[in-house]
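Asker:
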Amino acid sequence: SQQGEEDPQALSIQEGENATMNCSYKTSINNLQWYRQNSGRGLVHLILIRSNEREKHSGRLRVTLDTSKKSSSLLITASRAADTASYFCATDADTGNQFYFGTGTSLTVIP
Amino acid sequence: DTEVTQTPKHLVMGMTNKKSLKCEQHMGHRAMYWYKQKAKKPPELMFVYSYEKLSINESVPSRFSPECPNSSLLNLHLHALQPEDSALYLCASSLRASGSGELFFGEGSRLTVL
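Protein sequence lines, in the order shown, are assigned to chains A and B. According to my numbering, the first sequence is numbered sequentially starting from 1. According to my numbering, the second sequence is numbered sequentially starting from 112.
Printed below as a string of structure tokens:
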């Protein structure tokens, strides 16, 4: 049931640097979402981009979507130690009532 | 109230035990979900309830039995589990099961099967 793959699997950067993670998915979607998960906790929604949108911003987050390549990227600018977490993309199936998560990127921001 | 509350936070059970996980939300959401997450893996969809009716069962073994008593509550009944069922079980809700909105997650119930 896993819909997407993310890369890199793990990313380690210095505080203040930008972090980019990529998501590729397999089937047509209505929208794509990004979530963050701190270790052992629940997931927190970050941003949603619809299939007819190409780019979206929210604070330090920038998401792009290329439906022709079935891929999305999440850019976190000016990273902070508190951004250390796992990041997952999630897509809905064509039917719209199933959300599938990508493999995730583990981000470590070094103070 | 934008919370999804899951209880218990931790559960240890033997393979012959019967236990339940509970999930509650008071956001008026009409779709609720159970996900299973193993360590360092993404959440895997188990069940979707839409308007208190089971709409998706991702071929989950019958030892997991979901129940949605009303629009605010979601249970997951556990019986005769195996050690490989040990995982973090996450409940989520969304306004509708239409794929157009975000999922709100609880903090999860960490299950250990001995």
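We treat Cβ as the ideally placed atom computed from N, Cα and C, and that holds for glycine.
1. So for residue 6(A), helix, strand or coil by DSSP?
2. Against chain A, with Cβ distances strictly below 8 Å, would residue 159(B) count as a contact?
3. Here's the rule I'm using: 16 or more other beta-carbon atoms within 10 Å means buried, otherwise exposed. How should residue 36(A) be labelled?
4. Quick one: what's got a C-beta closer than 7 Å to residue 1(A)'s C-beta in the same chain, skipping five residues either side?
5. Answer with buried or exposed for residue 114(B), where buried requires no fewer than 16 other C-beta atoms within 10 angstroms of its C-beta.
6. Which residues in the same chain have their Cβ closer than 8 Å to the Cβ of residue 15(A), if we skip the five residues on either side of it in sequence?
7. Where do the ends of the beta strand (DSSP E) carrying residue 85(A) lie?
8. Closer than 9 Å by beta-carbon distance: list the chain A residues that pair up with residue 139(B), in chain order.
9. Any idea what DSSP makes of residue 194(B), helix, strand or coil?
10. Taking only three categories from DSSP, how would you classify residue 81(A)?
11. Going along chain E, which residues have a C-beta under 8 Å from residue 41(A)?
12. For residue 55(A) and residue 65(A), what's the separation of their Cα atoms in angstroms?
13. Take the Cβ of residue 168(B) as the centre, count every other Cβ of all protein chains shown within 10 Å, and call the residue buried at 16 or more, exposed below.
Answerer: Taking the definition as stated:
1. In the first sequence, the residue the question calls residue 6(A) occupies position 6. Three-state DSSP puts residue 6(A) in a strand.
2. Start at 1 with the first residue of the second sequence, and residue 159(B) comes out as number 48. Answer yes: the Cβ-Cβ gap between residue 159(B) and chain A drops below 8 Å somewhere.
3. Taking the first residue of the first sequence as position 1, residue 36(A) is located at position 36. Residue 36(A) comes out buried.
4. Locating residue 1(A) in the first sequence gives position 1, where the first residue counts as 1. Annotation note: pLDDT 47 at residue 1(A) (below 50); position unreliable, coordinate value reported separately. Result list for residue 1(A): 100, in chain order.
5. Here residue 114(B) refers to the residue found at position 3 of the second sequence. Exposed, by the Cβ-count rule.
6. As a first step, residue 15(A) must be located in the first sequence, where it is residue number 15. Taken in chain order, the residues that qualify are 79, 80, 81, 109, 110 and 111.
7. Taking the first sequence and counting its residues from 1, the one referred to as residue 85(A) is at position 85. It spans 85 to 92 - the beta strand (DSSP E) in which residue 85(A) sits, taken as one unbroken run.
8. Walking along the second sequence from the start, residue 139(B) turns up at place 28. Neighbours of residue 139(B) on chain A: none; closest Cβ ~17 Å, over 9 Å.
9. Numbered from 1 along the second sequence, position 83 holds the residue referred to as residue 194(B). Residue 194(B): helix per DSSP, three-state reduction.
10. Indexing the first sequence from 1 puts residue 81(A) at position 81. Looking at residue 81(A) - three-state DSSP - the assignment turns out to be helix.
11. Absent here is chain E; the protein component of the structure consists of chains A and B.
12. The residue given as residue 55(A) occupies position 55 in the first sequence. The residue given as residue 65(A) occupies position 65 in the first sequence. Whole-angstrom Cα-Cα distance: 6 Å.
13. On the second sequence, position 57 is the one that residue 168(B) refers to. With fewer than 16 other Cβ atoms within 10 Å, it is exposed.
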